[in-house]
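Read the structure below first, then the notes.
Residue numbers (this note's numbering), protein chains in the order written: chain A, 623 to 1338; chain B, 623 to 1338.
Structure, rendered in structure tokens:
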């Protein structure tokens, strides 16, 4: 996996651009800006955006207007082409039909990039799509990078760039900080920006990608993850274009320990329809995306509130060494609710050591009706003594018995809030406050505040996940393609005829090449050969009909189980031929597969599919009869190793597949993991395999045996 | 099930109480109040509560103070006993040790009830528990009802009663409305009351139950559900005492169509520990509670925010006839997110009819970059024309293509908000707004406002659930106890020896009495009898060792499957005897059970357990080897009928057990439901059955057969 991509490569031939700055960098961190469509009308889009640019940008700023000599006090040019030297960024807010000319001028001038705020492109149908294709092609040819079209622009507070109408010029600017927000949807991005500011997020960056003709959420994440001032990346996306770039960004985020939090929109079919009409984008499978995020350590959230909650907790960059949560509350009930959520989120709420309890107890009045174990519940009574607030919060803050802390506040309780702030600032551990409202004091201090107990705990649990459960970034040596093995695989695949499927015995040979243990079996071209094979195997056998036209053998009476002895096998073969002749008369019968009966305590299934967004995905699930009833699969994107496969299996059914009585033991889990790894290698070495199913993988006594296999191939 | 309970029965012998008002009614809707511990110190508890009483109560109000001649301007009595006539409600805020004397005086005076705000009872240990038992016994004897102790009192705005310190006297009173909130935890109740007011809930009632020595959450719900001014009941509980009263309240709520929403606290072991120390209460099983709530139509929520969200949507009392959601947004992304959540919450987002789309389209500018299908996304552009806001919202409001509506607002967008309010008030359908903040205009209008898209949709989905999925209140004829059958059951149960278990063949006879189909089988006292039984059955058989000391036969080699012919059966019996002699040497062998091999496509399990809170619960789950791996059970509390059992089975594995390929067909689902009903009847007719397991129930070809059975009995 390479880290340098086109996204950040310097663009050759971009004329006047400084040699060291890529076009994307010029677009996003411009040193000079022009705005085509800037306007003196403060209520129009062109006026709002230009006012935003003017209030923030310290470098050269050029309005372009066809007739007005100046815009908001700055001298205007009649056209972009009239500028004497290139600008890094051209902001474009003209009618869609006028954009090709402006893009052409920007390219000719040698600009770095253009933010196209105009709407009327792919989102409105074929005509708009053609227009979009036209400006995209023009930009590609010249090396100009595009943001949008149909976006609301971007904000880079570290660079003083407010090239957007996410906020109107009268709204105060957010506090600049380490949080970057990337949103495909402009309107929603604007909405969430407002909510983020309210919640106390320090947004340094907001980027809306709109129709994503060139830059998309992945491109922007890939760029921002490298920016030193960015420490947290929040993304809202309806679709993920450039999955490889997204994975690269995720891997870099792992290496740099910068959390990425993703809110995926358009999960349900109806939402996907809305998304399609909204930005002309097609949503991939939500399950695949979740799996990819889990594999590369991206935090997936399901609501806007969760996106904000996680952004807020991550912005101070604190990490933990353990999962022990300390809870300080004046309300027993709030303590219980926080402890509840902690248990469900994987945090522990251990009792404080006896001496710490005693010390806290000594600060309380007598009689004391609260609790000093953890949750520490002072009740209102415990804080009534003058100075008690400071003492109790300080004592709690000094405890080494927990790794993260949650505390309850009332928005009006200023002395309590002051005590929390002092403890927060004197400590390095993550700390979150549950309050009845956001308060300026807490936001000034940067102490994360939540209005719902679950928000507090889910956020703290995310810090634990980021600190303790982050997958290792995949090393350079992960992909080990084996050319010789691939050649052998291709030879087997070549046996497939026009149907583009491998029969079971062929598929099993393919699996065996990749180290998967399969049933001991013999292919037999006719009945007597099948009888001979059964005699040779000398144990109860299954006999299956082999035909490239019969994918589901048992549906047509093509399977007989538990046969013993020549007579039984012979009559079974004859009966099968009769059944199949009746139920699949046009099938060409290649012969019989005679195989041992593999024991099974548990039947699993391993499969391979190709996702339209992320490509090959290997699945593992409970197999056999119940496969569609249980319908829970773990997915991995190749390349991956045994450790990832084991982890995926261990996560099935909330872990019970490997922990419950009669579930898989360690050896069996490893054996199953090897089947997954084999399918992952096959997916990369034999891209002509469209789809594979090894179902069931029969597991018993420490052994996993592929007992059936189906491979479907792409057309040559 | 009777509706009238002690909770509402008039208390005999309560002296001066009006004949028609129960003691509980007098406590909660008092016509006269005294407060013992009222104080002139406005910052103390006694001063706060008395100031609250004084600002709200219109009837006679008597402070009781040992020395001050008046409290806050009202003449004080030196003791409760000094009052010339009984009051309905005595509010008590004196040190715990002084409460027995006050309670005695209240009883002697003939008060209806006492709200004991004092702490220092069961929550602090044995000494406090003894004190609590003392005042409880004194109240019981006299007919006085108790709220608390260790509670923060209650608020009944319809009756002008602010007998609490949930709000301080300076805080404005909530708008009185149809929402009642009952919370075991006082502090958290106070917290959530603050949040509820902020969110726009119109709280008519708030009751904190504290240690629940007498009144508990169930008692209060049972009382409040009958109050005409109450239309929504919200409850936070750490434990549920009086489960029968809770179920009665739920049944009445079903009959009256008043939603109950329950936030159960103390689900995790750690939270349960905190809850135990907090109110001295023991938490029951969260799974059982969830199941009981589902069975009786109580809405379970998991966070404080959800409790508020549902309370808010229910307070206007609107109901729906379908699940079609209309979405109006200015932000495509917000529309997608709302549609997403709708899909997951079971609502649909159908496209509007072509003519309605055309009408909306006609209101938009040209070119138009939004969407009129649904979500209707006007974009900012679509609302820019003067009057567009009114026209578009009105057009949307007139559509009959949806049953519920969600719309997006910005807190600053006053014309949009005004248009929403007009549509809301001119319509009878549920309508919720997603906004960037709560606004006075929306709250004045009672239009439910949410700050998170998921909150909007989950609330609307709850209205659909309440309107369309409410279980029927159980009818009077549900329980059909059959004395003759019960006698036959008791005869079989009498065969159990000291081990208090039934052997499989005995358990199967018990099941057969209740109409459960079991394997065709013969009990055989010795090997030759077993051989004879196998010959008689004349098909492959299973043979199992029968011993009251052997509960898990296969663990000791006590099961042989698929035997055919006398020789095979004889040698299997002998081998089993040898195995068992070695692995369970002290077991007394009663004989052998020879049974047909029942076919199975799917193995299920039915069981019976007794929950410490809710009593008998019948469970159904996937059975066989995977039972602990899958570990998902549906639970029902007897009595219940076939319809409830079918519904429980149909809910397993997100419905896939009955919808997926190779899952249960309708006949099989019914057959399995009959096993559940049988266990439910057994639980009621034979209370000595502690626990039962019918695992596996082997299901194939439309038939469900109990293939094993284990019954454990209570000691006589």
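Glycine included, C-beta positions come from ideal geometry on N, C-alpha and C.
Going by DSSP, residue 1127 (chain B) is part of the alpha helix (DSSP H) stretching over 1126-1135. Nearest to residue 1145 (chain A) by C-alpha distance, out of A:1198, A:788, A:1289, A:1131, is A:1131.
Between the segment 676-687 of chain A and the segment 868-878 of chain A there are fewer than three inter-stretch CB-CB distances shorter than 8 Å, so the stretches are not counted as touching.
For the segment 849-868 of chain B, the set of residues with a beta-carbon nearer than 7 Å to any beta-carbon of chain A comprises 858, 860, in chain order. When Cβ pairs closer than 8 Å are counted between the two stretches, the segment 706-713 of chain A is seen not to touch the segment 798-813 of chain A, the count staying below three.
A direct Cα-Cα distance of roughly 35 Å separates residue 1021 (chain A) from residue 1278 (chain A). Ranking A:837, A:814, A:1096 by CA distance to the CA of residue 1265 (chain A) puts A:1096 first. The C-alpha of residue 1300 (chain B) is placed about 19 Å away from the C-alpha of residue 1116 (chain B). Non-local C-beta neighbours of residue 1255 (chain B) in its own chain, meaning closer than 7 Å and more than five positions away in sequence, comprise 1241, 1242, 1243, ordered along the chain. Annotated three-state conformation of residue 836 (chain A) is coil, per DSSP. If you ignore the 5 residues before and after residue 1179 (chain A), its C-beta comes within less than 7 Å of the C-beta of 1198, 1201, 1202, 1205, all in its own chain and listed in chain order. The closest CA to that of residue 1076 (chain B), considering only B:1114, B:1129, B:967, is found on B:967. From the beta-carbon of residue 1285 (chain A), the residues of chain B found nearer than 8 Å are 1250, 1251. A direct Cα-Cα distance of roughly 21 Å separates residue 870 (chain A) from residue 828 (chain A).
Segment contact: the segment 905-925 of chain A against the segment 769-788 of chain B, fewer than three CB-CB distances shorter than 8 Å; contact not assigned. Between the segment 1006-1018 of chain B and the segment 785-795 of chain A there are fewer than three C-beta pairs closer than 8 Å, too few to call the two in contact.
Your pair residue 1028 (chain A) and residue 949 (chain A) checks out as a contact, with CB atoms roughly 5 Å apart and the cut at 8 Å.
Taking 8 Å as the threshold, the shortest C-beta distance from residue 810 (chain B) to chain A falls below it.
Just measuring C-alpha positions, the residue of A:665, A:658, A:1134, A:1136 sitting nearest residue 697 (chain A) is A:658. If you look at residue 786 (chain A), you'll find it in the beta strand (DSSP E) that goes 783-786.
Non-local C-beta neighbours of residue 1046 (chain A) in its own chain, meaning closer than 7 Å and more than five positions away in sequence, comprise 1053, 1067, 1069, ordered along the chain. Taking 8 Å as the cut-off between beta carbons, the residues of the segment 718-750 of chain B near chain A are 718, 741, 742, 745, 746, in sequence order. Note on residue 695 (chain A): under 16 other CB atoms within 10 angstroms of its CB, so exposed under the neighbour-count rule. With fewer than 16 other CB atoms across the displayed protein chains lying within 10 angstroms of its CB, residue 1253 (chain B) is exposed. What residue 1076 (chain A) touches in chain B, judged by beta-carbon distance under 8 Å, is 924, 925, 926, 927, going in chain order. Between the segment 1126-1142 of chain A and the segment 1285-1303 of chain A, the count of C-beta pairs closer than 8 Å reaches three or more; the two stretches touch.
Secondary structure at residue 942 (chain A): coil, using DSSP grouped into helix, strand and coil. When DSSP states are grouped into helix, strand and coil, residue 1062 (chain A) belongs to the helix group. Around residue 703 (chain A), the same chain offers 727 as residues with beta carbons nearer than 6 Å, after the five sequence neighbours per side are excluded.
Contact between residue 679 (chain A) and residue 660 (chain A) does not hold, since their C-beta atoms are separated by about 12 Å, which reaches or exceeds 8 Å. In the DSSP secondary-structure assignment, residue 1313 (chain A) is bridged to A:1334.
Cβ neighbours of residue 1196 (chain B) within its own chain (closer than 7 Å, five residues either side excluded): 1149. Following the DSSP letters along the chain, one finds residue 1172 (chain A) in no alpha helix (DSSP H), marked with neither H nor E. Chain-order list of chain B residues neighbouring residue 1282 (chain A): 1250, 1251, 1253, by C-beta distance under 8 Å. Here residue 1217 (chain A) carries a strand assignment [DSSP, helix/strand/coil]. With at least 16 other beta carbons inside 10 angstroms of its own, residue 831 (chain A) counts as buried.
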